[in-house]
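Numbering (this note's numbering), first residue to last: 2 to 182.
Glycine included, each C-beta is placed from N, C-alpha and C at the ideal position.
This report refers to the structure that appears directly beneath it.
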Ligand SMILES: Cc1cc2nc3c(=O)[nH]c(=O)nc-3n(C[C@H](O)[C@H](O)[C@H](O)COP(=O)(O)O)c2cc1C
């Protein structure tokens with residue numbers, strides 16, 4: 002991992018339970034957007050990807066988040082190689098960071114450096130950004146690829162002109178950190 006992370010102390014965040022969340026996750030996902038943070042061993046740097054499709058809920062009696070990642074994303078390759086990673090909500094003042102994280106690929110860009118965000122490690126072997134309002138440390142427990150045969154509304158296929166069906170990742174939420182006021 003890149004040296005010099007954790008510029009902010011662990012005490013800048015409180016550990017909360019899912020049922021203590023007071024934020025509107027629909028607003029966070031659709032309007033603030035999520036930041037999927039993974040670690041790229043090959044390039045020895047964090048990778049940050051903007052995501053606005055996903056959800057939080059309960060499955061198999063576990064608190065989970067669902068993420069949908071297209072196969073061509075660098076993040077997809079990095080998710081294939083890791084078990085745990087993080088999903089963050091940034092404050093709206095940092096929305097511009099998503100213009101980089103949602104447009105450029107970590108294959109050829111150090112997005113942490115370009116955005117000026119600060120590495121933060123919310124758990125052993127997991128990277129995130131210190132500026133987050135919320136950090137979800139998650140563990141993949143199921144993945145599958147969406148299929149054309151499953152699209153009950155044929156108009157959904159307008160999202161798949163290249164047949165690049167998303168992989169759905171169901172991830173158990175292991176820890177939630179909330180930035181202290
Ligand atoms: C607002 C917004 C939301 C996005 N949501 C997703 C998403 O949910 N799934 C996905 O695969 N790509 C999504 N993208 C596209 C990726 O963020 C984008 O392709 C990114 O450059 C991929 O980075 P990577 O190659 O480093 O993984 C979104 C982009 C934007 C701007």
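In the structure shown, the three-state DSSP call for residue 152 is coil. In the three-state scheme derived from DSSP, where H, G and I count as helix and E and B as strand, residue 45 is classed as coil.
Setting aside the 5 residues that flank it on each side, residue 106 is surrounded in the same chain by 75, each with a C-beta closer than 7 Å to its C-beta; the list follows chain order. In this structure the region 83–103 lies against the region 47–61, because at least three pairs of beta carbons, one per stretch, are closer than 8 Å. DSSP places residue 83 outside any beta strand (DSSP E), giving it a letter other than H or E.
DSSP places residue 181 outside any alpha helix (DSSP H), giving it a letter other than H or E.
For residue 114, the uninterrupted alpha helix (DSSP H) run begins and ends at 112–116, by DSSP. Apart from sequence neighbours up to five positions away, the residues of its chain that approach residue 138 with a beta-carbon distance below 7 Å are 85, 87, 123, 124, 127, 175 and 176, ordered along the chain.
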